[in-house]
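Per the numbering used here, the very first residue in the sequence shown carries number 26; after that it's consecutive.
Note that CB positions come from ideal geometry on N, CA and C, so glycine has one too.
Report on the following structure.
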Amino acid sequence: MATIIDGKKVSAEVKEQVRQETETLVTKYGKKPGLAVVIVGNDPASRIYVNNKKKACETVGFQSFEYALSEETTQEELLELVQTLNADEKVNGILVQLPVPKQINDKAIINAISPEKDVDAFHPENVGRIMIGEYSFLPCTPAGIMELIDSTGIDVSGKKCVVIGRSNIVGKPMAMLLLHRSGTVTICHSKTENLAKITKEADILVAAVGKANFVTGDMIKKGAVVIDVGMNRLENGKLCGDVNFDEAKEKAAYLTPVPGGVGPMTISMLMKNTLTAFKLQNHIF
Ligand code: GUN
26 MATIIDGKKV SAEVKEQVRQ ETETLVTKYG KKPGLAVVIV GNDPASRIYV NNKKKACETV
86 GFQSFEYALS EETTQEELLE LVQTLNADEK VNGILVQLPV PKQINDKAII NAISPEKDVD
146 AFHPENVGRI MIGEYSFLPC TPAGIMELID STGIDVSGKK CVVIGRSNIV GKPMAMLLLH
206 RSGTVTICHS KTENLAKITK EADILVAAVG KANFVTGDMI KKGAVVIDVG MNRLENGKLC
266 GDVNFDEAKE KAAYLTPVPG GVGPMTISML MKNTLTAFKL QNHIF
């Protein structure tokens with residue numbers, strides 16, 4: 026029977042560390058870290074994420090700046106806002122909530138964000154830095170997953186790690202972080218043959234597929250650490266992961282639930298990145 030990894034608890038611990046460090050820095054330097062969150066259009070899921078990010082800023086003592094732009098916003102208008110935020114000293118981190126409406130090229134927006142303020146770590150400069158292991162920011166979801174793995178006390182070094190999914194936001198950077206910790210990493214995806222044979226060898230299995238209950242019990246090695254990145258909305262409105270929870274808990278040693286696993290970590294890591302950005306921009310080490 027698996028131990029369930031409590032993402033809410035680990036997330037609260039990270040936020041508390043950030044809050045305490047922020048309090049010390051505010052006393053010493055007389056200014057607060059600032060995060061600008063830009064939302065374009067009316068996507069209800071994006072609205073919830075943005076509200077949660079604002080709430081987390083309050084919890085840790087940051088200033089948050091929200092820019093809610095209309096669905097009709099042009100790429101030029103958004104680029105102009107990004108330039109203004111790049112130049113604003115009170116703004117240490119910039120996050121443009123994705124997806125953006127279709128008239129806007131999200132790559133052009135990501136490229137326009139100053140790499141020092143790119144707290145998502147989506148800018149090609151930051152992506153490249155992760156590749157060579159010389160980074161200031163890590164993308165929030167993979168960084169949060171590493172915290173969850175660390176919370177089990179299991180050392181990644183030498184372990185067989187399998188990541189299912191090859192997105193730029195989760196799969197690829199996740200594989201790189203596991204590799205930096207000396208894991209033996211395999212990336213699987215929709216074209217992978219004999220998937221179950223590969224996943225069944227994994228000591229650490231990260232599922233970032235986007236398909237409800239995709240990973241079944243027979244795909245999991247007994248005693249594995251299983252991390253479920255999925256956030257799939259079922260027809261009945263319930264949230265469901267990529268891993269069949271009931272089957273996985275009979276096989277895994279550690280398992281993240283959905284909700285309450287990876288999700289809460291993402292925002293905490295965003296807070297951590299914003300604090301890092303503040304320190305870098307103010308030459309505090
Ligand atoms: N949309 C869903 N997840 C994310 C994220 O981590 N960052 C941004 N900017 N948009 C998102």
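Residue 289 has its Cβ no nearer than 8 Å to any heavy atom of ligand 1.
In the structure shown, residue 306 adopts helical secondary structure according to DSSP, grouped into three states.
Minimum Cα-Cα distance from residue 125 among the listed residues 116, 307, 95 corresponds to 95.
From the listed residues 28, 262, 292, the smallest Cα separation to residue 85 is found for 292. Remark: fewer than three beta-carbon pairs, one from each stretch, lie closer than 8 Å, so the segment 146-159 and the segment 254-270 are not flagged as touching.
Under the three-state reduction of DSSP output, residue 71 falls in the helix class. DSSP, read as helix, strand or coil, puts residue 267 in coil. Secondary structure remark: continuous beta strand (DSSP E) runs of at least 3 residues inside the segment 131-213, in chain order: 185-189, 209-213. The beta carbon of residue 63 sits closer than 6 Å to those of 92, 121, all from its chain and outside the five residues before and after it, given in chain order. The beta-bridge partner set that DSSP reports for residue 257 consists of 265. Three or more beta-carbon pairs separated by less than 8 Å link the segment 295-307 to the segment 56-70, which places the two stretches in contact.
Residue pairing by DSSP places residue 54 opposite no residue, since no beta bridge is assigned to it.
A distance of 9 Å or more separates the beta carbons of residue 103 and residue 135. For residue 91, the pairing in a beta bridge is given by DSSP as 62.
Annotated as distal: residue 170 and residue 245, with beta-carbon spacing of 9 Å or more.
Excluding residues up to 5 positions away in sequence, 172, 173, 176, 290 lie with their Cβ nearer than 7 Å to the Cβ of residue 35 in the same chain. Counting of Cβ neighbours within 10 angstroms places residue 54 among the exposed residues, the total staying below 16.
Relative to residue 181, the option among 163, 141, 222, 227 whose CA is nearest is 227.
In the three-state reduction of the DSSP assignment, residue 29 falls in the strand class, which pools E and B.
Between ligand 1 and the CB of residue 164, the shortest heavy atom gap is smaller than 8 Å.
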